[in-house]
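Have a look at the structure below before the remarks.
Number of protein chains: 2
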Amino acid sequence: MDQTLVNVNESTVAGLGRLARFFGFNDVMGRLYGTLLMSPEPLSLDELASQLKISKGSVSMNMRALERWGMAKEYWMRGERKKYYEAEPDIWQVIRNVLGGRERREVQIALSVLGESVEQLQSAETTLSAEERELAQFYLQRIDDLQAFFNVAQIALETVVGSDATLDFDAVTTIEIR
Amino acid sequence: MDQTLVNVNESTVAGLGRLARFFGFNDVMGRLYGTLLMSPEPLSLDELASQLKISKGSVSMNMRALERWGMAKEYWMRGERKKYYEAEPDIWQVIRNVLGGRERREVQIALSVLGESVEQLQSAETTLSAEERELAQFYLQRIDDLQAFFNVAQIALETVVGSDATLDFDAVTTIEIR
DNA sequence: TTAAACATTCAAAACGTTTTGAAAGAAGGG
DNA sequence: CCCTTCTTTCAAAACGTTTTGAATGTTTAA
């Protein structure tokens, strides 16, 4: 096999491992995804294990995680009893899956915790000493700032997750915030 | 001290710890930032250590990391030889610091690696067998998709990092991608 | 200059996560 | 139904990260 092709494959796989870490996954998940993405044919667990030089056990567990995230799916090869996988090739679909699952939940939780704090502070107000009341006001201000941030994050997430078109560079030349 | 105030403080600090993890920092950094953000007065290293029940050594190192990220700054208290810190109170400034540093670099690297791959594939083309050439075409297509993603990410980052206004919920009711 | 008060460093310990491989579990073919 | 082939599980080991605290460095006041 030509060395250039091998190099390109490896650096892409490594890069996707890096990206996976960045998104809070472990890098094996990213490398598995990358390996599948850079393969014209679906690959079996054994092939994945030997290409990445990791144990079969690890491949098995991480592939199931990839499936749960909608980043890969099983591919049935007739006449074969092996399990084959192929990558979800639409990167934007993958991004939407991830953002729409984990990140969205994070933001929701943060907003609800902050909301509860505001309620608690407001309903406790009458029981507070003058000094405590001042601190409560300070807290409310800071919480307000945090809420502003999470609100913007929420809108941004919904924008990406909700957009059904495949974004691409030619189509997207501006992102406007107003 | 009123229990409500303590609860609100603690859940905010815990939440910022969570957020820090999410952004790939360790959670002590987030909790330190949170503790400072929820304090009307600058705090000394000792106060931080005792509030978070962690060692002074850890506070010292993590505070320096916070400083490097522009998330906190030293506050000189005259007549005191202790070092005091206060949080950068503008959340958007903090976000811009982080995105403009680490994330931006990540995207740049990814784009340059992908660009190199394209070049290598193109210049190797003549040396390839017919079969290899087909694989090279496949790689080029996949790399193109990845480039599209990173290009959009880059534009989005520049939009946030470059915006000098403090974004807030009342001002930002739409994020448009087109 | 010295002593006191603090901050910083860093090696070792604690802790958490990932990986492995052996054992158990399925599924398919004959 | 049993054997073969493959997958899944999970406890233990390897590995990586974070935390601690004692030792060291720094600053200030007198």
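Quick note, the sequences are listed as chains A and B, same order.
Going by our numbering, the residue at position 43 of the first sequence is 43; the numbering climbs one at a time, nothing skipped.
Going by our numbering, the residue at position 42 of the second sequence is 42; the numbering climbs one at a time, nothing skipped.
The beta-carbon is built from N, C-alpha and C at its ideal position, and this holds for glycine as well.
Here the structure is a predicted model, which means the values were calculated and not measured.
- Interface flag for Ala124 of chain B against chain A is set, since a Cβ pair is found closer than 7 angstroms.
- Classified as exposed, Ser55 of chain B has fewer than 16 neighbouring CB atoms from the shown chains inside 10 Å of its CB.
- Taking C-alpha positions only, Glu125 of chain B is separated from Lys83 of chain A by approximately 34 angstroms.
- Contact between the stretch 86-99 of chain A and the stretch 70-77 of chain A is present, with at least three C-beta pairs closer than 8 angstroms.
- Contact between Leu36 of chain B and Leu52 of chain B does not hold, since the beta-carbon distance rounds to 11 angstroms and is not under 8 angstroms.
- In terms of Cβ geometry, Ala136 of chain B and Gly15 of chain A do not form a close pair [threshold 7 angstroms].
- For Ser11 of chain A, the nearest beta carbon of chain B is closer than 7 angstroms to its own beta carbon.
- Going by beta carbons, Pro42 of chain A and Tyr85 of chain A fall inside the 7 angstroms limit.
- Given a length threshold of 4 residues, each whole run of the alpha helix (DSSP H) inside the stretch 1-77 of chain A is given here in chain order: 3-22, 27-37, 45-52, 56-68.
- With a cutoff of 7 angstroms on beta-carbon distance, Ile91 of chain A and Phe149 of chain B are scored as near each other.
- Counting only runs that start and end inside the stretch 85-143 of chain B, the alpha helix (DSSP H) elements of at least 4 residues fall at 91-98, 104-124.
- With a threshold of 16 other beta carbon atoms within 10 Å, Ala130 of chain A falls short and is exposed.
- The shortest CA-to-CA distance from Val107 of chain A to any of A:Arg78, A:Glu132, A:Leu146 is the one to A:Leu146.
- Glu10 of chain A has its alpha-carbon roughly 18 angstroms from the corresponding atom of Asp46 of chain A.
- By the criterion of a C-beta distance shorter than 8 angstroms, Arg102 of chain B is surrounded in its chain by Gly24, once the five residues flanking it on both sides are discounted.
- From the beta-carbon of Asp27 of chain A, no residue of chain B is found nearer than 7 angstroms; the closest lies around 13 angstroms away.
- Beta-bridge partners assigned by DSSP to Ile177 of chain B: A:Ile175.
- Relative to Met29 of chain A, the option among A:Leu140, A:Asn7, A:Val8, A:Leu66 whose CA is nearest is A:Leu66.
- Cβ-Cβ separation between Val8 of chain B and Leu121 of chain A: approximately 6 angstroms, consistent with a contact (criterion under 8 angstroms).
- Among the residues facing chain B, Gly162 of chain A is not included, as its CB has no counterpart in that chain under 7 angstroms away.
- When C-beta distances to chain B are compared with 7 angstroms, the residues of the stretch 100-119 of chain A below that value are Glu106, Ala110, Val113, Ser117, in chain order.
- Contact with chain B is absent for Val94 of chain A, since none of that chain's Cβ atoms lies less than 7 angstroms from the residue's Cβ.
- Annotated as proximal: Arg104 of chain B and Leu157 of chain B, with beta-carbon spacing under 7 angstroms.
- Separation of Ser163 of chain A and Glu176 of chain B (C-alpha to C-alpha, rounded to the nearest whole angstrom) is 10 angstroms.
- One thing to note: Ile155 of chain B has its Cβ no nearer than 7 angstroms to the Cβ of Leu114 of chain B.
- Not a single C-beta of chain B is nearer than 7 angstroms to the C-beta of Tyr85 of chain A.
- Per the C-alpha coordinates, the member of A:Ser44, A:Asn62, A:Ser58, A:Ser60 positioned closest to Trp76 of chain A is A:Ser44.
- For chain A, none of the residues of the stretch 47-68 of chain B brings a beta carbon within less than 7 angstroms of one of its beta carbons.
- Under the three-state reduction of DSSP, Asp164 of chain B is assigned to coil, being neither helix nor strand.
- In this structure, Glu132 of chain B and Leu5 of chain A form a Cβ contact; the two beta carbons are roughly 6 angstroms apart against a cut-off of 8 angstroms.
- The Cβ neighbour count for Gly57 of chain A, taken over all protein chains shown within 10 Å, is under 16; the residue is labelled exposed.
- Proximity of Thr159 of chain A to chain B, defined by a Cβ-Cβ separation below 7 angstroms, is satisfied.
- Listed along chain B, the residues sitting closer than 7 angstroms to Ala156 of chain A by beta-carbon distance are Ile175.
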